[in-house]
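Reviewing the structure listed below.
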Amino acid sequence: ALAKGNGFIKDDDGVVFRVQRFNALGSIVKQLVLPADVRKEMVMQAHADCHANSRQLKFLLSDWCWFPKMGNLCRSVSQACGVCQVTASKQGRELAPYGTRRPVEGMAATWQRVGVDVLHVGSGGKLLTCTCWYTAYCDFQIIPDTKAESFVRGMTLVFMRCGFPRVCYSDGEFSSRLVQSWAESVGISWKIHPSNHPEAGGYYERRHRIILEALRKFILSDGGSEWHDELVLEQVKWLVNHGEIGQSGICPALLFYGRTLPVPCMKGADDSLVLSRPSSVFDLMKVADAVDGNRRKLLGVFVKEWLFQRERSLPVIKYESNLKPGEMVYVFTERAHKLSPTFRGPFPVLATRGRHVMVTTPNGVETHWLGNCKRHRSDEDVVADAPRSESSGSSGSTNQQLQIRAPKRARAESWTTEAADRAKKSARM
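Okay, here's the thing in structure tokens:
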């Protein structure tokens, strides 16, 4: 049925593609329309590979596939993941604030302004993080301690991979004479700002929250791997840098490299890419013009989304509503280690009292604030939409089982009759 509609094409083998979506560069994307019987398994496997949240998962899959209500299925799969339910940070129930850094003159260049900080992951573990002011691209390096020599070595390793910036931002932890003399020798201008200044260090502090949450996910999903495992760190780095920025269709990796770094869940079905060797200088000039034009498009879309995010206001806390006795919930717990699971459970709800929930745990009955609880979701709750032909065929049996509400007029008449009867009874009394 979809193949007959506008924006869909069908090849000689009967495979249906959707050609309605444009990428960040303005080019049409050829998306494979997935059959209904493979959608749930495909989305669950893609989420198991990267443990992205629902919006990120839809962003990654949209590069090559599509099906109706794709966002709903991605949300259901992400919420039902056993790893993500217990490893989400406390801010997992909160909407993270949007970017607050101001656009400055000369900022529209990759890795020219970089924020440097130390992320403490617990038990003495430390990561030296470097985050681009413009693209929010983040790279990090393990350091043994917070001495100036370790800072210099860590920054040298990161900058050899990504390039030496012109300006570095940090708090007073990097104000030692050795660090400043090293920065001057390599041509870096250093700016010290207060540690909690929202327009200075807030953008890389948010990266720290995302890194810690991703570390918890991959450590638990890999069967208890160590946080300093090279594979775990590379998976975390990939996930952090491939999250969509707002609703722009752009991620930090796309701005930094000019392309995304595809993994199996992003393998596209578009065969329009043709690799050929330029035959003349004119062909090379056309390629260069196309690259420059694509960069300007990306810049325009990104800056527009950036300015929109600065003005956007969102609620902070999301409460679970309509919790009923018997439902299973997770309870937020103060973890002893930064990389430990954040939630305990699931536990059955005993009762709700205003903004508090009573749950039954192995230690007895506990009372928790509603904001510290979230529903448990299982794989059984994830239901892919059935094809239209099947749903239409089973509609008769479904209607027999469901209670059909009466029309508004009939309900109003019955309510009027009941009200009149009650009035007569009260008059007799």
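Under my numbering, think of the first position of the sequence shown as 39, with each following residue one higher. Cβ atoms here follow ideal geometry from the backbone N, Cα and C, with glycine treated the same way.
Under 8 angstroms between C-beta atoms of residue i and residue j
i, j, result
"Ser-100", "Arg-59", "yes"
"Arg-413", "Glu-365", "yes"
"Leu-157", "Ile-230", "no"
"Thr-167", "Tyr-242", "yes"
"Val-535", "Thr-169", "Residue 535 falls outside the range modelled here, since the chain spans only 39 to 467, and no answer is possible."
"Trp-102", "Arg-56", "no"
"Leu-253", "Leu-377", "yes"
"Cys-88", "Val-301", "yes"
"Gly-284", "Gln-347", "yes"
"Gln-273", "Phe-256", "yes"
"Ala-118", "Val-369", "no"
"Arg-18", "Ser-227", "Residue 18 falls outside the range modelled here, since the chain spans only 39 to 467, and no answer is possible."
"Asp-267", "Pro-232", "no"
"Leu-388", "Val-367", "no"
"Met-108", "Lys-96", "yes"
"Thr-148", "Glu-251", "no"
"Thr-398", "Pro-386", "yes"
"Leu-72", "Met-80", "yes"
"Gln-179", "Gly-192", "yes"
"Tyr-175", "Asn-61", "no"
"Leu-361", "Thr-380", "no"
"Cys-206", "Ala-221", "yes"
Residue range of the unbroken alpha helix (DSSP H) whose run includes residue i
i, result
"Ala-374", "Per DSSP, Ala-374 belongs to no alpha helix (DSSP H) and is neither H nor E."
"Tyr-357", "Here Tyr-357 belongs to no alpha helix (DSSP H), and DSSP marks it neither H nor E."
"Phe-97", "92-99"
"Gly-240", "240-259"
"Gln-117", "108-118"
"Gln-273", "268-279"
"Val-217", "215-223"
Unbroken beta strand (DSSP E) run spanning residue i, endpoints
i, result
"Met-396", "394-399"
"Glu-404", "402-407"
"Gly-160", "151-160"
"Leu-165", "163-170"
"Gln-83", "Segment 74-88 is the alpha helix (DSSP H) holding Gln-83; no beta strand (DSSP E) there."
"Gln-69", "66-71"
"Cys-200", "Unbroken run through Cys-200 is the alpha helix (DSSP H), 186-200; no beta strand (DSSP E)."
"Trp-228", "227-230"
"Tyr-295", "Counting along the chain, Tyr-295 falls outside any beta strand (DSSP E), though it belongs to the alpha helix (DSSP H) covering 290-295."
"Ser-208", "205-208"
"Thr-390", "381-391"
"Gly-412", "The identity of residue 412 in the sequence shown is Lys, whereas the question assumes Gly. That run of the beta strand (DSSP E) goes 411-413."
"Cys-176", "176-180"
"Val-54", "54-60"
"Phe-46", "46-48"
Status (buried if at least 16 other CB within 10 Å, exposed otherwise) for residue i
i, result
"Glu-282", "buried"
"Val-67", "buried"
"Tyr-357", "exposed"
"Ala-86", "exposed"
"Ser-435", "Because Ser-435 sits at a pLDDT of 35, beneath the cut-off of 50, its placement in the model cannot be relied upon, and the point is left open."
"Ser-432", "Its pLDDT being 42, under 50, Ser-432 is placed unreliably by the model, and nothing is read from it."
"Ser-114", "buried"
"Arg-447", "With a pLDDT of only 36 at Arg-447, under the threshold of 50, the placement of this residue in the model should not be trusted; the figure read from the coordinates follows. Answer is exposed; the Cβ neighbour count stays below 16."
"Ser-286", "buried"
"Lys-342", "exposed"
"Ser-223", "exposed"
"Ser-259", "buried"
"Thr-471", "With the chain represented from 39 up to 467, any question about residue 471 goes unanswered, as that position is not in the structure."
"Val-395", "buried"
"Leu-269", "exposed"
"Val-76", "exposed"
"Ile-171", "Note that residue 171 is Trp in the sequence shown here, rather than Ile. So Trp-171 counts as buried."
"Leu-345", "exposed"
"Arg-415", "buried"
"Trp-407", "exposed"
"Val-339", "buried"
"Arg-319", "Note on residue identity: the sequence assigns Val, not Arg, to residue 319. Flag for Val-319 reads exposed."
"Ser-429", "Below a pLDDT of 50, predicted positions are generally treated as unreliable, and Ser-429, at 40, falls in that range; no measurement from the model is reported."
Supposed contact pair residue j and residue i - C-beta distance, whole angstroms, cut 8 angstroms
i, j, result
"Asp-177", "Val-154", "No, Asp-177 and Val-154 are not in contact; Cβ-Cβ is about 11 angstroms, not under 8 angstroms."
"His-375", "Ser-161", "6 angstroms"
"Cys-289", "Ala-84", "That belief does not hold up - the Cβ atoms of Cys-289 and Ala-84 are roughly 16 angstroms apart, past 8 angstroms."
"Leu-299", "Trp-276", "7 angstroms"
"Val-54", "Phe-46", "6 angstroms"
For the region 179-194 and the region 213-231, state whether three or more C-beta atom pairs, one from each stretch, are separated by less than 8 angstroms. yes
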